[in-house]
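Structure record follows, encoded as structure tokens.
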Amino acid sequence: MNDVSTKASLASRIQVVRSTSGIEAWLVEDYTVPLIAMEIAMLGGSSQDPEAKPGTATFLASLLDEGAGPYDSSAFHDRLDDFAIELGFSASRDQISGQLRTLARHRDEAFDMFRLALNEARLDAEPIERVRAQLIASVRNEANDPDAMAARAWFATAFAGHPYARPTKGSLESLPTITRDDLTAYRSKVFARETLKIAVVGAIDAVTLANELERVFGALPAKASLTPVAIAKPQAVGTRKVIDLDIPQSSIRFGAEGLLQSDPDFVTASVVNHILGGGVFSSRLFREVREKRGLAYSVSAQLAPFDHGPLHMGGTSTKNERAAESLAIIEAEIASLAQDGPNDEELDIAKKYLIGSYPLRFDTSTKLAGQLTHMQVENLGRDYMDRRNGLIDAVTREEATRVAKRLYGEGQLFVTVVGRPVGM
Amino acid sequence: MTTEPQSHQGPDIAHVTLHNGLEIVVIPDHRTPVVTHMVWYRNGSADDPVGKSGIAHFLEHLMFKGTDKHPQGEFSDVVTALGGQENAFTSYDYTAYFQRVSREHLKTMMEFEVDRMTGLVLSDDVVDPERDVVIEERRMRTDTDPSAQLGESLASTLFTHHPYGKPIIGYMHEIEGLNREDALSYYRRFYTPENAILIVAGDITETEVVRLAEDTYGRIPPRGSKPERHRPREPEARAARRVVLADPKVEQPSLQLAWIVPSYMTAEKGEAEALEVLVQILSAHGTGQLHRKLVMEQKIAVAAGAWYQSTAVDRSRLMLYALPHPDGTLEALEAAMEQVVADLVAHGVDAKDLRRAKTRLIADTIYAQDSQSSLARMYGSALATGSTVRDVTEWPDAIEAVTAEAVQAAAKKWLNRRHVVTGYLLKDEAA
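Keeping their order, the protein sequence lines are chains W and V. Just so we're aligned, residue 1 is where the first sequence starts under our numbering, counting upward by one. Just so we're aligned, residue 1 is where the second sequence starts under our numbering, counting upward by one.
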């Protein structure tokens with residue numbers, strides 16, 4: 001048995017705060033440092049981009065702090081800087097996220113700026129063209145980056161015909177065509193209280209927060225009108241795609257179907273995949289690919305539980321002459337885990353790591369706010385923070401072996417390689 | 001956890017030195033029952049012997065290869081089994097190792113760290129594959145990335161003599177020649193108690209840390225003196241220089257202007273602080289002068305910024321950078337960027353910009369208090385480059401004291417176009 005208890009219940013520190021009209025947030029009140037961190041999430045993300053216009057969500061997220069309400073872009077940024085307020089929005093495949101960090105003494109101004117950005121972003125012509133140029137530059141910047149190329153090719157092929165195939169940040173073709181109407185249409189479709197999740201950490205009490213919640217989020221529409229997104233399984237599994245680039249090293253991306261976060265086997269799968277390629281020096285891929293053979297600096301695997309197409313994936317970069325060897329080792333490790341599951345020792349060390357390191361995931365206000373938002377999005381319940389280590393500890397070798405088989409199947413992968421790999 | 005602190009000076013930092021010369025800094029943070037345990041050595045890539053570039057970084061990798069007492073993998077296995085996180089990093093002036101664990105495991109971490117400070121064992125069996133790992137690391141970071149290659153050339157052009165011009169990871173042909181004996185002789189020279197700084201941040205008191213440290217680090221015999229860094233001094237720059245890298249893989253060109261400037265250690269009083277404020281005024285997100293003039297007004301760039309490596313032993317570097325607008329050229333952008341600097345030198349800074357820059361820089365020190373690992377790094381890098389604990393705690397006051405005249409004077413003195421180094425990243429259209 002591992003020590004899975006924490007001295008104080010983490011969940012009991014989470015207060016559920018409700019505004020007068022029922023907007024809910026999770027709050028952890030803490031006055032050690034005079035600051036407040038807030039994170040919000042709304043379902044949608046780039047999977048709600050219009051089909052021909054990938055990048056719309058990212059474009060909109062990048063424009064929310066470029067002028068809102070009475071302030072044009074310059075005035076808005078001046079005001080953020082005058083009060084040292086950090087505010088930003090971003091889009092992932094499944095979500096729009098927003099972050100706020102402020103000194104406690106500038107709380108009023110900070111929440112007000114967040115309210116303006118969320119509800120009253122102006123989307124003026126000047127910042128639209130400026131941000132468009134920035135996004136295009138950023139796409140150009142990654143055009144021949146081997147890791148980015150391998151990832152783009154992976155999603156484009158594995159999810160062909162599905163929104164996940166489209167680049168989250170848009171493309172050189174799509175970005176010039178996105179109009180202000182596209183941006184406002186996206187906003188009215190996605191920004192709504194229905195899917196909104198909020199977490200706040202720091203120097204603020206529940207009563208004050210309840211008032212701020214009403215002020216900031218009260219004007220959002222009640223309902224979203226999201227376009228349904230089908231659940232997709234990655235295609236092309238069992239095949240490899242090599243993309244030529246004149247570089248001395250091959251960048252490899254591999255993956256296959258994974259499990260949804262809500263799957264009853266998800267926790268066990270996360271333990272198994274951690275044994276394969278978690279970010280520790282004891283993972284199988286680290287030991288076999290890096291430590292024993294010196295084939296790569298970086299090699300890892302993770303679960304990517306996307307809402308509409310969960311994956312297990314990983315990657316490495318290895319010299320062209322030995323790329324085939326690296327991939328063969330990775331495939332053999334996955335096949336061996338699928339066949340035999342982990343041994344007792346590696347299961348034990350993985351469980352101990354995952355249990356013991358859990359508090360390190362929320363040791364800053366910003367990280368804690370992120371975790372609390374994630375728990376709400378995934379519907380895990382406040383008590384998850386207290387339950388989670390027990391779930392990990394309960395994973396047996398038999399369970400891990402069964403789930404390894406389920407997760408990796410026959411060990412088949414879809415692989416993209418960018419470089420000049422020899423013998424592939 | 002119930003009342004707002006009276007001031008925002010941050011936690012009470014303790015600083016003591018053991019009899020063998022090892023310095024200790026304790027940074028209390030009682031919010032979660034974890035500690036960050038770091039050991040910093042006052043040597044980095046700028047202390048690599050001539051012809052052995054990359055040895056500081058290679059040794060950092062090899063420090064995970066075990067001792068007689070704890071063979072390869074044991075330390076990492078223990079950290080992992082305790083639910084800890086660990087890693088290490090090498091910079092120009094220092095090398096640091098850290099673990100983040102539950103507070104009750106601090107002594108175990110200290111015991112292991114002491115063991116590898118004194119008892120590293122290396123065989124060719126572990127050195128050879130690890131050299132290949134570093135070679136792959138260099139390929140990944142530099143040899144597949146034209147922008148990183150330009151950065152390397154820019155640094156070696158800026159620093160013609162001082163080792164800040166050499167890459168931390170080393171040159172490929174020299175990494176390939178590094179061996180076990182190189183690593184061990186470098187290790188014996190620098191990994192000593194007099195050369196180490198222990199930083200412990202987290203849920204622990206000064207008394208506890210000192211007691212544990214005396215019982216572990218305190219048992220290491222002193223060597224008698226600190227190892228010396230032998231670094232050639234960079235001559236005064238006389239010429240402007242230009243570095244151009246054209247590669248068919250570049251789709252987004254970029255421009256950089258670089259100067260050698262003082263660090264906190266070499267600066268006259270207030271000068272480094274003035275440069276920090278200057279860089280903030282130039283590059284603040286959404287309000288910086290470079291953004292305002294080049295991106296917003298002239299629409300000649302799509303993004304622009306600046307950075308300053310202020311924490312360094314010797315004279316350091318300050319860079320401005322920008323991505324050109326698709327309709328513009330790098331030459332026009334370069335002229336416009338130089339004009340932004342020239343205007344600053346001629347007319348000084350606006351009072352509002354000065355106020356804003358100070359507010360942001362001082363607020364950042366409060367934000368840093370939210371992260372014990374950020375605080376640990378802040379104190380570690382300061383002490384490892386020769387600053388004091390007091391320099392760090394009084395930094396907000398020093399920033400507050402920066403005047404508009406000081407910022408203008410710093411710009412005039414250091415951002416001189418007569419010895420600027422300009423970097424162009426271009427697409428090679430011919431290839």
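Glycine included, each C-beta is placed from N, C-alpha and C at the ideal position.
For residue i, which beta-bridge partners are listed by DSSP?
| i | result |
| --- | --- |
| W/Arg101 | W/Ala37, W/Glu86 |
| V/Arg242 | V/Thr422 |
| V/His15 | V/Val25 |
| W/Ile96 | W/Met42, W/Ala91 |
| W/Lys241 | W/Thr416 |
| V/Gly305 | V/Tyr321 |
| W/Val201 | W/Val28, W/Ala37 |
Starting from residue i, trace the beta strand (DSSP E) in both directions and tell me its first and last residue.
| i | result |
| --- | --- |
| W/Glu29 | 24 to 29 |
| V/Val97 | According to the sequence displayed, residue 97 of chain V carries Tyr and not Val. Looking at the DSSP string, the run of the beta strand (DSSP E) that includes V/Tyr97 is 95 to 102. |
| W/Asn379 | Per DSSP, W/Asn379 belongs to no beta strand (DSSP E) and is neither H nor E. |
| V/Leu320 | 316 to 324 |
| W/Phe266 | That residue, W/Phe266, is in no beta strand (DSSP E); its alpha helix (DSSP H) goes 266 to 277. |
| W/Leu303 | 296 to 304 |
| V/Arg292 | Careful: V/Arg292 lies outside any beta strand (DSSP E) and carries neither H nor E. |
So for residue i, helix, strand or coil by DSSP?
| i | result |
| --- | --- |
| V/Ala196 | strand |
| V/Ser263 | coil |
| V/Met38 | strand |
| W/Glu257 | strand |
| W/Val16 | strand |
| W/Ser5 | At W/Ser5, the pLDDT of 45 sits below 50, so the modelled position is not reliable; the number obtained from the coordinates is stated separately. In this structure, W/Ser5 counts as coil in the three-state DSSP scheme. |
| V/Arg141 | helix |
| V/Pro71 | strand |
| V/Ser310 | coil |
| V/Thr108 | helix |
| V/Lys413 | helix |
| W/Lys189 | helix |
| W/Met313 | strand |
| V/Thr90 | strand |
| W/Val403 | helix |
| W/Val417 | strand |
| V/Lys249 | coil |
| W/Ser251 | strand |
| W/Glu333 | helix |
| V/Ser76 | helix |
| W/Lys169 | coil |
Is the beta carbon of residue i sitting closer than 8 Å to the one on residue j?
| i | j | result |
| --- | --- | --- |
| V/Val261 | V/Leu361 | no |
| W/Trp26 | W/Val16 | yes |
| W/Val403 | W/Ala350 | no |
| W/Gln95 | W/Ala158 | no |
| V/Val295 | V/Ala304 | yes |
| V/Leu425 | V/Ser147 | yes |
| V/Thr437 | V/Pro28 | Because chain V spans 1 through 431 in this model, residue 437 of chain V falls outside it and cannot be assessed. |
| W/Ile275 | W/Arg287 | no |
| V/Tyr94 | V/Arg42 | yes |
| W/Gly88 | W/Asp124 | no |
| W/Ser262 | W/Tyr164 | no |
| W/Asp344 | W/Arg397 | yes |
| V/Val200 | V/Val35 | yes |
| W/Leu175 | W/Ile136 | yes |
| W/Ala369 | W/Ala52 | no |
| W/Leu100 | W/Ala110 | yes |
Do you know whose CA, among the options, lies nearest residue i's CA?
| i | options | result |
| --- | --- | --- |
| V/Glu23 | V/Gly177, V/Lys293, V/Lys226, V/Asp115 | V/Lys226 |
| V/Arg219 | V/Gln289, V/Glu113, V/Phe89 | V/Glu113 |
| V/Glu400 | V/Asp215, V/His19, V/Glu271 | V/Glu271 |
| W/Thr227 | W/Ala236, W/Ser188, W/Lys367 | W/Ser188 |
| V/Val133 | V/Leu154, V/Leu150, V/Met172 | V/Met172 |
| V/Asp115 | V/Gly66, V/Ala81, V/Leu158, V/Ala155 | V/Gly66 |
| W/Ser62 | W/Tyr31, W/Gly22, W/Arg122, W/Met375 | W/Arg122 |
Please report whether the beta-carbon of residue i lies at a distance below 8 Å from any beta-carbon of chain A.
| i | result |
| --- | --- |
| W/Asn141 | Of the protein chains in this structure, namely W and V, none is chain A. |
Can you name the start and end residues of the alpha helix (DSSP H) that residue i belongs to?
| i | result |
| --- | --- |
| V/Ala148 | 146 to 158 |
| V/Ala435 | Since the first and last residues shown for chain V are 1 and 431, residue 435 of chain V lies out of range. |
Indicate, with yes or no, if the ligand MG has a heavy atom lying under 7 Å from the CB of residue i.
| i | result |
| --- | --- |
| V/Leu426 | The ligand MG is not part of the structure shown, which contains no ligands of any sort. |
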